[in-house]
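Novice: Under numbering that gives the first Met the number 0, the first residue of the sequence shown carries the number 0, and numbering increases by one thereafter. Ideal Cβ placement from N, Cα and C applies to all residues, glycine included. Since the structure is predicted, the reported quantities are computational estimates derived from the model, not experimental observations. What follows is a single structure, and I will ask about it in a moment.
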Amino acid sequence: MSDQPKKQEKDYTPEVDAALPEATSLAQAGKLQEGLDKLLSLEKQTRNGADAKSTTRLLSAIATLCYEAKDFTLLNSNLTLLSKKHGQLKEAVKVMVELAMGWLEDVRAKQGEQTWLQLVETLRDITEGKIFLETPRARLTLILANFHERTSQDPSSAPPAKPDPFTGKVPPTPTSFESLQKASDLMSELQVETYSSMERKEKTEFILDQMRLLVLVAKEKDKEAKASKEKAAVSLTGDKKVLATDGEAEWIKVRVGGRKVHEGFLSQEGNASLKLKYYDLMIQFALRHSSYLDVAKYFHKIWETPMIKEEADGRGKEALENIVYYVVLSPHDNEQSDMINRLYVNPALSKLELHYNLVKCFITKELVRWPSIQGIYGPTLKQTRVFLTGDEDGERRWEDLHTRVIEHNIRVVALYYTRITLTRLTSLLDLSAKDTEEILCRLVVSGTVWARVDRPAGIVTFRKKETPEDVLNAWASDIGKLMNLVEKSWMEMNAALAVKQTS
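Pasting the structure below:
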């Protein structure tokens, strides 16, 4: 392949104009190889003479003659041969590859998937390692990955495997998971974010497809790992070899892929479908790691999309409801507090009375009894996909909601009480002493509240013991505020007196 452009030595247009009709006539007369030989001999001259236009015409004509003759073995061999010629012109190879790619759908429909697969693999071999063909290779890889993904959904649709030419053995038909893994591996090989010849929107579509396939593979691995753990749990031997690897490696790749997508570009006009697809994938990633606040953020991004927000009773309402669910499920911190307070004053939320009141429970500095939450909100929430009864994840989130209610109540108690007996605290929280201590300790470790438990006395203290310096500083601050008020009152009295004297 020629790396440096060579100056054209001669124009072979007349020779090519004369040779093309002759080669076509020979091919139509059943003498395809003679016609190809005539064009191949002329192609060598045009290539050595650096006549890019004539070389391109000849390469396209050779490929076209093979295609029209339905001789796909000869087509594949000539495509490979022409691309590997010494000093071959890049532009000519690029045009030939793009021409052959245009035939793929027709070949698949008329000649079958086996012939189609051979042509796709031939084109991928030609484009491998060539920067000027990186975009065609990416598109071919996407086509092949979609084929393997479809095969994973319907293994019977896969073409019969050919026997090995050396051993004569027929390889076994790949399983659904193996086909899905193959599709994901093919897409993951592409580093489209570095391709300068590809449009930004197409790059984003490729990255999202990579993430989508990784999510599918990760979920299958998680399911298999869970099943193997259950199998090991009931096994009398406790053999560790039955444990399968989960999909954590794929989930990490999903996160890395998500960082390659520019969220500002997704917000531009015309990219709404890409934006929704991206945040749907990120929501699945966040749910896998129980990152509820991130889920709420992603749903908020979806809700802000104009086409979603306009559907006040459709997807817009569903997105807003999910924001409420996941923001109340999120552990309390500054970011969560800011988001739930901004959501509470949003006019759109007031239209959803039930969800507005649910958020209000976590905004108001008052105790929230869990039985009342179950009675008022339980029947509605347990019918949603987030808290669905009978679903393992839904029931786990319902327990997480119970935990968030308890944590809210502990923060409220810490706000109003300096010291409280453990018995009284457990009655306020509707918990056992053991569960109360466990959740209280977790909040102390996370820095949400300050507390000390005196177990022998059964007393919980929510205030630090003040040092003399702290008491003095607080006294000095109070005195300063008092003197400011006195000074302000004195100035106002003098101003009123002056006004009265002048009148």
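Is it right to say Pro13 is buried, meaning 16 or more other beta carbons lie within 10 angstroms of its own, or is it exposed?
Specialist: Numbered from 1 along the sequence shown, position 14 holds the residue referred to as residue 13. The residue is exposed, with fewer than 16 neighbouring Cβ atoms inside 10 Å.
Novice: Going by beta-carbon coordinates alone, are Lys359 and Tyr343 separated by less than 8 Å?
Specialist: Walking along the sequence shown from the start, residue 359 turns up at place 360. Walking along the sequence shown from the start, residue 343 turns up at place 344. Going by beta carbons, Lys359 and Tyr343 fall inside the 8 Å limit.
Novice: Which residue spans inside the segment 340-392 form an unbroken alpha helix (DSSP H) run of at least 4?
Specialist: 346-349, 352-362 and 369-380
Novice: As a quick exercise: from Gly377, Leu74 and Arg341, pick the residue whose alpha carbon is nearest that of Leu353.
Specialist: Against the sequence shown, residue 353 aligns to sequence position 354. Taking only the C-alpha atoms, the option nearest Leu353 is Gly377.
Novice: Ignore the nearest five residues each way along the sequence and tell me which others in Leu132's own chain have a CB closer than 8 Å to its CB.
Specialist: Translated into the one-based positions of the sequence shown, residue 132 becomes position 133. Contacts found: Val92, Lys93, Val96, Ile125 and Thr126.
Novice: Is Glu453 helix, strand or coil when you go by DSSP?
Specialist: Here residue 453 is taken as the residue at index 454 of the sequence shown, counted from 1. The amino acid occupying residue 453 in the given sequence is Asp; Glu does not appear at that position. Asp453 falls in the strand class under three-state DSSP.
Novice: How about Glu310 and Leu351: are their beta carbons less than 8 Å apart?
Specialist: Along the sequence shown, one-based indexing puts residue 310 at 311. Along the sequence shown, one-based indexing puts residue 351 at 352. Not in contact: Glu310 and Leu351 (Cβ atoms no closer than 8 Å).
Novice: Which one of Leu88, Leu80, Ile130 and Thr63 has the shortest CA to CA distance from Ala99?
Specialist: On the sequence shown, position 100 is the one that residue 99 refers to. Checked all of Leu88, Leu80, Ile130 and Thr63; the closest Cα to Ala99 is Thr63.
Novice: When you compare each of Glu42, Leu141, Glu268 and Thr172 to Arg211 by their alpha carbons, which one comes out closest?
Specialist: In the sequence shown, residue 211 corresponds to position 212, counting from 1. Of Glu42, Leu141, Glu268 and Thr172, the residue nearest in Cα terms is Leu141.
Novice: Rounded to whole angstroms, what's the CA-CA distance from Trp474 to Lys464? Just pull it up for me.
Specialist: For the purposes of this step, residue 474 is taken as the residue at position 475 of the sequence shown. For the purposes of this step, residue 464 is taken as the residue at position 465 of the sequence shown. Approximately 16 Å between the Cα atoms of the pair.
Novice: I'd like to know if the segment 281-298 and the segment 324-337 are in contact, where contact means that at least 3 CB-CB pairs between them fall below 8 Å.
Specialist: yes
Novice: Looking at the structure shown, is Val260 part of a helix, part of a strand, or coil, going by DSSP?
Specialist: Position 261 of the sequence shown, counting from 1, holds the residue named residue 260. Correct three-state label for Val260: coil.
Novice: To the nearest angstrom, report how far apart Thr55 and Asn77 are at their CA atoms.
Specialist: In the sequence shown, counting from the first residue as 1, residue 55 sits at position 56. In the sequence shown, counting from the first residue as 1, residue 77 sits at position 78. Rounded to the nearest angstrom, the two C-alpha atoms are 14 Å apart.
Novice: Alpha carbons only, please: which of Thr121, Pro346 and Leu387 is nearest the one belonging to Leu139?
Specialist: Counting from 1 along the sequence shown, the entry for residue 139 is found at position 140. The residue with the shortest Cα to Cα distance from Leu139 is Thr121.
Novice: Less than 6 Å between C-beta atoms, sequence neighbours within five positions excluded: which residues of the same chain meet that for Lys239?
Specialist: As a first step, residue 239 must be located in the sequence shown, where it is residue number 240. Bear in mind that a pLDDT of 49 at Lys239, under 50, signals an unreliable position, so the model cannot answer this.
Novice: Taking all protein chains shown into account, decide if Cys65 is buried (16 or more other Cβ within 10 angstroms of its Cβ) or exposed.
Specialist: Looking up residue 65 in the sequence shown gives position 66. Its Cβ being crowded by 16 or more others within 10 Å, Cys65 is buried.
Novice: Got a sec, what are the start and stop residues for the beta strand (DSSP E) Val419 sits in?
Specialist: Within the sequence shown, numbered from 1, the residue matching residue 419 stands at position 420. The displayed chain sequence assigns Ile, not Val, to residue 419. Note, Ile419: beta strand (DSSP E), Arg418 to Thr420.
Novice: Indicate whether Tyr297 and Ala285 have their beta-carbon atoms separated by less than 8 Å.
Specialist: On the sequence shown, residue 297 is found 298 positions in, with the first residue counted as 1. On the sequence shown, residue 285 is found 286 positions in, with the first residue counted as 1. Taking 8 Å as the Cβ cut-off, Tyr297 and Ala285 qualify as a contacting pair.
Novice: Who are the near neighbours of Thr425 in its chain, counting only those whose CB is closer than 7 Å to its CB and skipping five residues on each side?
Specialist: To locate residue 425, count along the sequence shown from 1; it is residue 426. Taking Thr425 as the centre and dropping the five residues before and after it, the same chain places the C-beta of Ser431, Ala432 and Thr435 closer than 7 Å to its C-beta, in chain order.
Novice: Compare the C-alpha of Val15 against each of Ile61, Lys6, Gln32 and Gly29 and name the closest.
Specialist: Within the sequence shown, residue 15 is the residue found at index 16, counting from 1. Here the closest residue by C-alpha is Ile61.
Novice: Tell me whether the segment 181-191 and the segment 219-233 touch, counting them as touching only if at least three CB pairs, one residue from each stretch, are closer than 8 Å.
Specialist: The answer is no - the segment 219-233 does not touch the segment 181-191, with fewer than three Cβ pairs under 8 Å.
Novice: Rounded to whole angstroms, what is the Cα-Cα separation between Phe386 and Ser488?
Specialist: By one-based count along the sequence shown, residue 386 stands at place 387. By one-based count along the sequence shown, residue 488 stands at place 489. Distance between the alpha carbons of Phe386 and Ser488 is about 58 Å.
Novice: Secondary structure at Thr114, three-state DSSP: helix, strand or coil?
Specialist: Residue mapping note: residue 114 aligns to position 115 of the sequence shown, counting from 1. Residue state for Thr114 is assigned as helix, using DSSP reduced to three classes.
Novice: Between Leu103 and Ala68, how many whole angstroms is the CB-CB distance? I'm expecting something under 8 Å.
Specialist: Taking the sequence shown and counting its residues from 1, the one referred to as residue 103 is at position 104. Taking the sequence shown and counting its residues from 1, the one referred to as residue 68 is at position 69. With 8 Å as the limit, Leu103 and Ala68 do not qualify as a contact, their Cβ atoms being about 18 Å apart.
Novice: Just to confirm before moving on: does the CB-CB distance between Leu118 and Val106 stay below 8 Å?
Specialist: Here residue 118 refers to the residue found at position 119 of the sequence shown. Here residue 106 refers to the residue found at position 107 of the sequence shown. In contact: Leu118 and Val106 (Cβ atoms closer than 8 Å).
Novice: My output table needs one value for Lys220: the three-state DSSP class, helix, strand or coil.
Specialist: Residue 220 sits at position 221 when you count from the first residue of the sequence shown. Note: Lys220 maps to helix in three-state DSSP.
Novice: State the beta-bridge partners of Thr435 as determined by DSSP.
Specialist: In the sequence shown, the residue the question calls residue 435 occupies position 436. DSSP lists no partner for Thr435.
Novice: I'd like to confirm the pairing. Which residues does DSSP put opposite Thr460 in its beta bridges?
Specialist: Translated into the one-based positions of the sequence shown, residue 460 becomes position 461. According to DSSP, Thr460 bridges with Arg418 and Arg451.
Novice: So, at 7 Å on beta carbons, what are the nonlocal neighbours of Tyr416 in its own chain, with the 5 sequence-adjacent residues on each side left out?
Specialist: Walking along the sequence shown from the start, residue 416 turns up at place 417. Here the set comprises Phe461.
Novice: On the CB-based measure, 16 or more other CB atoms within 10 Å of its CB, does Pro305 come out buried or exposed?
Specialist: Position 306 of the sequence shown holds residue 305. Exposed is the call here.
Novice: Below 6 Å CB to CB, which residues in the same chain sit around Asp221 once its five sequence neighbours on both sides are set aside?
Specialist: Taking the first residue of the sequence shown as 1, we reach residue 221 at position 222. For Asp221, where only same-chain residues beyond five positions count, the Cβ hits under 6 Å are Asp245 and Gly246.
Novice: Please determine, among Arg199, Leu215 and Lys168, the residue with the shortest C-alpha to C-alpha distance to Ser151.
Specialist: The residue you call residue 151 lines up with position 152 of the sequence shown. Taking only the C-alpha atoms, the option nearest Ser151 is Leu215.
Novice: Counting only the same chain and skipping the five closest in sequence on each side, list residues whose C-beta sits under 8 Å from that of Ala51.
Specialist: If you number the sequence shown from 1, residue 51 lands on position 52. Excluding residues within five positions, the ones whose Cβ falls inside 8 Å are Gln7, Leu88, Glu90 and Ala91.
Novice: Work out the CA separation of Leu439 and Arg454 for me, nearest whole Å.
Specialist: For this step, residue 454 is matched to residue 455 along the sequence shown. For this step, residue 439 is matched to residue 440 along the sequence shown. Each residue's alpha carbon lies about 13 Å from the other.
Novice: Under the rule that 16 or more other beta-carbon atoms within 10 Å means buried, what is Leu505, buried or exposed?
Specialist: Only positions 0 to 502 of the chain appear in this structure, which leaves residue 505 out of reach.
Novice: Report the option in Ile409, Met492 and Lys200 whose CA atom is closest to the CA atom of Lys259.
Specialist: Here residue 259 refers to the residue found at position 260 of the sequence shown. Ranking the options by Cα distance to Lys259, first place goes to Lys200.
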